[in-house]
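K.L.:
These protein sequence lines are chains A, B, C and D, in that order.
The numbering of the first sequence is our numbering, which starts it at 1 and goes up by one.
The numbering of the second sequence is our numbering, which starts it at 153 and goes up by one.
The numbering of the third sequence is our numbering, which starts it at 305 and goes up by one.
The numbering of the fourth sequence is our numbering, which starts it at 457 and goes up by one.
4 protein chains.
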Amino acid sequence: AADGKLMSRTFAPYSVYKGKAAFSASPRLPTFNKMDSGCLKRQRFALSATEVGSFISLGPRDSCEFFHDPAMLSSNAGQVRKSLSIKPHADGSGYFISLSVVNNILKTNDRFTVPVTTAEFAVMRTAFSFALPHIMGWDRLTNQLPKNKDEN
Amino acid sequence: AADGKLMSRTFAPYSVYKGKAAFSASPRLPTFNKMDSGCLKRQRFALSATEVGSFISLGPRDSCEFFHDPAMLSSNAGQVRKSLSIKPHADGSGYFISLSVVNNILKTNDRFTVPVTTAEFAVMRTAFSFALPHIMGWDRLTNQLPKNKDEN
Amino acid sequence: AADGKLMSRTFAPYSVYKGKAAFSASPRLPTFNKMDSGCLKRQRFALSATEVGSFISLGPRDSCEFFHDPAMLSSNAGQVRKSLSIKPHADGSGYFISLSVVNNILKTNDRFTVPVTTAEFAVMRTAFSFALPHIMGWDRLTNQLPKNKDEN
Amino acid sequence: AADGKLMSRTFAPYSVYKGKAAFSASPRLPTFNKMDSGCLKRQRFALSATEVGSFISLGPRDSCEFFHDPAMLSSNAGQVRKSLSIKPHADGSGYFISLSVVNNILKTNDRFTVPVTTAEFAVMRTAFSFALPHIMGWDRLTNQLPKNKDEN
């Protein structure tokens, strides 16, 4: 009840009243808990701003593929090849996201493929679009005071 | 008048001047007041991030349905079944949002249906898209200082 | 020069390098100055959240119209009628925004029409979409700390 | 490892689990380093809010062009003419961005053309859409407290 009061003070739910029924929507903050992913193998792939741009502008029938060499410009250049590919499902209901890592130093060759639905892709597109200006450092624009005309 | 001055100092209205007439737009902060919803029955349905993704990516002819069991993983699992469905109007002018709750413990069976217009759905899509990164906890990205290159 | 240094420290421009030329984009904060609008007549029309939703979801061939009675629920109800209409240009290159105010108390009848281009409408759609969660009070979601799982 | 712990405490990655594989996405803050652009020539072009609106609403086959006179309203008016044009690639795979500066005072005539891909354009569209409300000063809406109903 105390929590309910707090919510009603701080958020304004969006409500739609029609006849005898009404629909009301309000946001909830996340809760976090620890999770053991249990993955035996794990690989990372850090998208650049432009690769994020490619990701968020994918149409339902589009595909894209990114290639990274984590040892680029070092003496191990070319020894590890990573590629991330995003390919649409044949019926347009989502995408396959595949990460391939060929490591000639460790003599390993990993390939992971995860199907994501349209809804899951929409979550990522929205979250990536939100994150992109922050990844680029443009969000610090908001923490500055505007200059007066005289100073310009 | 005092309020008007304050507004003109703090916001920059977006103005379009054409011939003898001009159009100017500026935002206003919300005001809140207490409201008695008067609903006799009330049910909640908390959307997950992926369900929000499904919601905001709905095309004008698309539908979706979500099923929740609030007692999942407890001894009452399966006793309460909730489903939220979103179905388009036949003429594409909006959606029907229906919430069905079958509670075998309380022997109740509630079903609520609210028609929402395209404009009301656009409000929710915009607000849900705004809320999604916050629901996911990604907004805390903005409250952090960037690392120096040396620390990377 | 000092200003240039400051900018390069605080913002990361987005740069595209191709062959001998490069393209770089970075944001600038606004400057404000006083302006005498010089309008002889002026009328206001405050959009509700749902009307903003209707505005931002307008397709290039769509139109919409909103009706307000500023004296609604008072003894002067019906004496002042305001309507805001948005109609597309015949060639799809923008919209006509018209505000009509019929005031039976002051015996006045004003009508303003301003053509807005697609680019000007895009500015308003983007700004209105940004403002909508704030108009609804959902932005206060960002100023709260997440609850721990235990408290939920 | 310490960094990994910190990340898991501060961000909630978005994870998709399917069968034996899982996909997880989380944002990373930017790092900055100094860069010598090495450009021999450099020209600036400051977009207005409406020009940003034109930029972000460009369809894949659309083009636009903006003309600026940096000495407008001074005695040097017309001496320097700048134009920025954005034209689509013939195959719809991106745009050519060209900046032309004719300076009759310095007797110079510069023209720069940079091809940008769809992904690079998506980055700019997302970043410009994010920046637009800030360029307009509407972001200060978020730093204000809402008024009580009584004060309205």
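Beta carbons are placed, not taken as given, at the ideal position from N, Cα and C, and that holds for glycine.
So, is the C-beta of T416/D closer than 8 Å to a C-beta in chain C?
P.N.:
Because residue 416/D is not part of the residues shown, which for chain D are 457 to 608, the question remains open.
K.L.:
Taking its Cβ as the centre, do 16 or more other Cβ atoms sit within 10 Å of S549/D, making it buried, or is it exposed?
P.N.:
So S549/D counts as exposed.
K.L.:
Around the Cβ of M288/B, are there at least 16 other Cβ atoms within 10 angstroms (buried) or fewer (exposed)?
P.N.:
That one is buried.
K.L.:
Mind checking who H220/B pairs with in its DSSP beta bridge?
P.N.:
In DSSP, H220/B forms a bridge with K234/B.
K.L.:
Going along chain C in order, which residues have a C-beta closer than 9 Å to the C-beta of P526/D?
P.N.:
The premise fails here: P526/D is roughly 15 Å from chain C at the closest Cβ pair, so nothing lies under 9 Å.
K.L.:
Taking Cβ-Cβ distances below 8 Å as the criterion, which residues of the stretch 254–275 of chain B are in contact with chain C?
P.N.:
The residues in question are T269, T270, A271, E272, F273, A274 and V275.
K.L.:
What are the partner residues of S352/C, as DSSP defines its beta bridges?
P.N.:
For S352/C, which the question treats as bridged, DSSP gives no partner whatsoever.
K.L.:
Using a C-beta to C-beta distance shorter than 7 Å, which residues of chain D count as neighbours of F434/C?
P.N.:
Simply P589 and W594.
K.L.:
Are the CB atoms of V536/D and D525/D nearer to each other than 8 Å?
P.N.:
For V536/D and D525/D, yes; Cβs fall inside 8 Å.
K.L.:
Please list the partners that I390/C has in chain B, where partner means a Cβ-to-Cβ separation under 8 Å.
P.N.:
Near I390/C there are no residues of chain B at all, since even the closest Cβ is about 11 Å away, more than 8 Å.
K.L.:
Report the neighbours of A431/C on chain D: residues whose CB is nearer than 7 Å to its CB, in chain order.
P.N.:
Result: L588, P589, M592 and W594.
K.L.:
Determine the contact status of A578/D and S63/A, defining contact as a CB-CB distance below 8 Å.
P.N.:
No, they are not a contact pair.
K.L.:
Return the chain-ordered list of same chain residues with a C-beta closer than 7 Å to the C-beta of H118/A, the five sequence neighbours on each side being excluded.
P.N.:
In the sequence under discussion, the amino acid at residue 118/A is Thr, which differs from the His named in the question. Only S93 and G94 meet the Cβ criterion.
K.L.:
Which residue wins for smallest C-alpha separation from S100/A, given the options R42/A, S74/A and K20/A?
P.N.:
It is R42/A.
K.L.:
What number of angstroms, rounded off, separates the C-alpha of I86/A from the C-alpha of A478/D?
P.N.:
Cα-Cα distance, rounded: 14 Å.
K.L.:
Would you report the Cα separation of P589/D and S504/D, rounded to the nearest angstrom?
P.N.:
Straight-line Cα distance between these residues: approximately 12 Å.
K.L.:
Quick check on DSSP: helix, strand or coil for S176/B?
P.N.:
Looking at S176/B - three-state DSSP - the assignment turns out to be strand.
K.L.:
So for L297/B, helix, strand or coil by DSSP?
P.N.:
Note that L297/B has pLDDT 43, beneath the 50 cutoff, so the model's placement of it is unreliable and no number is given.
K.L.:
In angstroms, rounded to a whole number, what distance separates the CA positions of S24/A and L258/B?
P.N.:
Their backbone Cα atoms lie some 24 Å apart in a straight line.
K.L.:
By the three-class DSSP mapping on this structure, what secondary structure does I249/B have?
P.N.:
Here I249/B sits in strand by DSSP.
K.L.:
What residue range is occupied by the uninterrupted beta strand (DSSP E) comprising P115/A?
P.N.:
T108 to T117 is the span of the beta strand (DSSP E), which, as asked, contains P115/A.
K.L.:
Can you tell me whether L225/B is buried or exposed? The criterion is at least 16 other CB atoms within 10 Å of its CB, across all chains shown.
P.N.:
The residue in question, L225/B, is exposed, as its Cβ has fewer than 16 Cβ neighbours within 10 Å.
K.L.:
For my contact list, W442/C and A279/B are in at a C-beta cut-off of 8 Å; report their separation, rounded to the angstrom.
P.N.:
Sure, about 6 Å apart at Cβ, within 8 Å.
K.L.:
First and last residue of the beta strand (DSSP E) that includes K474/D?
P.N.:
That run of the beta strand (DSSP E) goes Y470 to K474.
K.L.:
Taking the alpha-carbon positions, what's the T569/D to R332/C distance?
P.N.:
Going by the C-alpha atoms only, they are around 23 Å apart.
K.L.:
Quick one: does S404/C have its CB under 8 Å from some CB of chain B?
P.N.:
It does not: the Cβ of S404/C has no partner Cβ on chain B nearer than 8 Å.
K.L.:
For chain B, is any of its Cβ atoms less than 8 Å away from the one on G396/C?
P.N.:
Cβ-Cβ to chain B under 8 Å: no for G396/C.
K.L.:
Taking 6 Å as the limit between beta carbons, can you name the residues of its chain near F218/B, skipping five residues before and five after?
P.N.:
Within the same chain, F218/B has close Cβ partners E203 and L236.
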